[in-house]
Amino acid sequence: MGSTMEPPGGGYLYLGAVTSPVGTARMLQLAFGCTTLSLVAHRGGFADIQGTFCMAAWGFCFALSGLVVACDFTRLHGCLRLSWGNFTAAFAMLATLLSATAAVIYPLYFTRLQCPPEPAGCVARDFRLAASVFAGLLFLAYAAEVALTRARPGQVASYMATVSGLLKIVQAFVACIIFGALVHDSRYGRYVATQWCVAVYSLCFLATVAVVALSVMGHMGGLGCPFDRVVVVYTFLAVLLYLSAAVIWPVFCFDPKYGMPGRPPDCSRGSCPWDSQLVVAIFTYVNLLLYVADLAYSQRIRFVPTP
């Protein structure tokens with residue numbers, strides 16, 4: 592449930608929200624996020640799905656960071672029906688992943704040392720270089736918050752601040768990458784076996800999101816059994832499911848009997864099913880390793896059901 596409001600007589604404004612190490616990291620996030628958005632929107636420019644993703648990621652992170660700072664500074668988070676510690680930890684990890692992705696994509700697709708043709712010219716190049724620098728600083732600011740708020744081994748903390756909780760955000764993020772590759776002409780519907788893999792990705796993603804949602808909403812005690820035990824059992828099942836997908840997907844996509852062991856020479860870059868299948872295979876193994884690490888860490892976590 593929501594955080595407990597401050598006792599009568601306490602100040603309405605919490606200066607630690609902007610002066611503490613975590614507060615300083617959040618103020619830097621706002622400064623770097625605003626600067627990055629301004630540089631790109633003013634003269635840097637963006638286009639296509641890559642640029643739209645970067646702007647959407649920066650805009651989302653900036654808006655949520657502003658909300659977090661405002662609620663923490665005014666103590667209004669005590670009125671919200673959610674676990675504030677779990678919410679801020681989950682958002683910081685998600686923002687770290689989004690800002691890291693955007694900090695890689697924007698320079699890769701839009702930043703060049705050579706000046707683009709007029710009317711953009713060298714001014715646009717300079718703005719794009721500056722935006723790339725501030726995008727990297729924005730990622731470091733979010734990563735700093737995750738490092739500052741992460742629970743240490745044996746420490747009693749909110750679940751999402753533990754390594755297991757943070758890994759849940761990464762697992763869901765990797766699953767989104769897998770889904771993006773699946774819908775990009777991966778031809779997963781050809782075999783029942785590859786459809787099984789899609790079912791594994793979907794089930795594990797939904798269960799992970801449910802765990803995060805229960806933690807953020809503060810409803811971990813309403814399951815009828817200890818939340819940490821439920822998490823361990825689910826993580827163990829996810830490891831088994833992902834292990835099956837890690838074996839089945841490569842066989843039915845890259846074995847000569849069912850698919851193509853190498854990239855077809857006549858396959859156009861950017862719209863090749865083989866590329867999508869390779870992305871799915873790589874991130875299947877990434878998520879398998881994340882679930883294994885999660886299972887190892889979840890054996891020793893301790894957390895409190897309220898922030």
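Take the sequence shown: its letters are residues 592 to 898, numbered as in this note's numbering.
Think of the CB as a built atom: it goes at the ideal place given N, C-alpha and C, for glycine as much as any other residue.
Cα atoms of P698 and A722: separation of roughly 9 angstroms, rounded to the nearest angstrom.
Using a Cβ-Cβ distance cut-off of 8 angstroms, the segment 670 to 677 and the segment 717 to 734 are not in contact, since fewer than three pairs of beta carbons, one from each stretch, lie closer than that value. Contact between F730 and A763 does not hold, since their C-beta atoms are separated by about 19 angstroms, which reaches or exceeds 8 angstroms. Looking from the CA of T687, the closest CA among L630, L758, G636 belongs to L758. A buried status is given to L689, since no fewer than 16 other beta-carbon atoms sit within 10 Å of its beta-carbon.
C-alpha of L621 to C-alpha of F653: approximately 6 angstroms in a straight line.
For the pair L619 and A732, the CB atoms are nearer than the 9 angstroms cut-off. In the three-state scheme derived from DSSP, where H, G and I count as helix and E and B as strand, S749 is classed as strand. Within 10 angstroms of the beta-carbon of L604 lie fewer than 16 other beta-carbons, which makes it exposed. With 16 or more other CB atoms across the displayed protein chains lying within 10 angstroms of its CB, D663 is buried. DSSP, read as helix, strand or coil, puts T692 in helix. Residues of the same chain with a CB within less than 7 angstroms of the CB of S835, apart from the 5 flanking positions on each side, are V791 in chain order.
Residue state for Y876 is assigned as helix, using DSSP reduced to three classes. For V822 against S755, the beta-carbon gap comes to about 7 angstroms, under 8 angstroms, which counts as contact.
Put simply, the backbone Cα of Y833 is about 44 angstroms away from that of H633. With a contact defined as Cβ atoms closer than 8 angstroms, W865 and M851 qualify at about 6 angstroms.
Of the residues Q868, Y782, I760, T626, the one whose Cα lies closest to the Cα of G650 is T626.
Under the three-state reduction of DSSP, H668 is assigned to helix. The beta carbon of M808 sits closer than 8 angstroms to the beta carbons of R672, L673, S674 from its chain, once the five residues preceding and following it are set aside; these are given in chain order. Between C767 and I696, the gap from beta carbon to beta carbon reaches 9 angstroms or more.
The closest CA to that of F682, considering only C863, C858, V803, F845, is found on V803.
For K848, the secondary structure class from DSSP, reduced to helix, strand or coil, is coil. The shortest CA-to-CA distance from A734 to any of L880, S867, P612 is the one to P612. Your pair Q868 and S777 checks out as a contact, with CB atoms roughly 5 angstroms apart and the cut at 8 angstroms. Inter-residue distance for P708 and R617 is about 38 angstroms (C-alpha atoms, whole angstroms).
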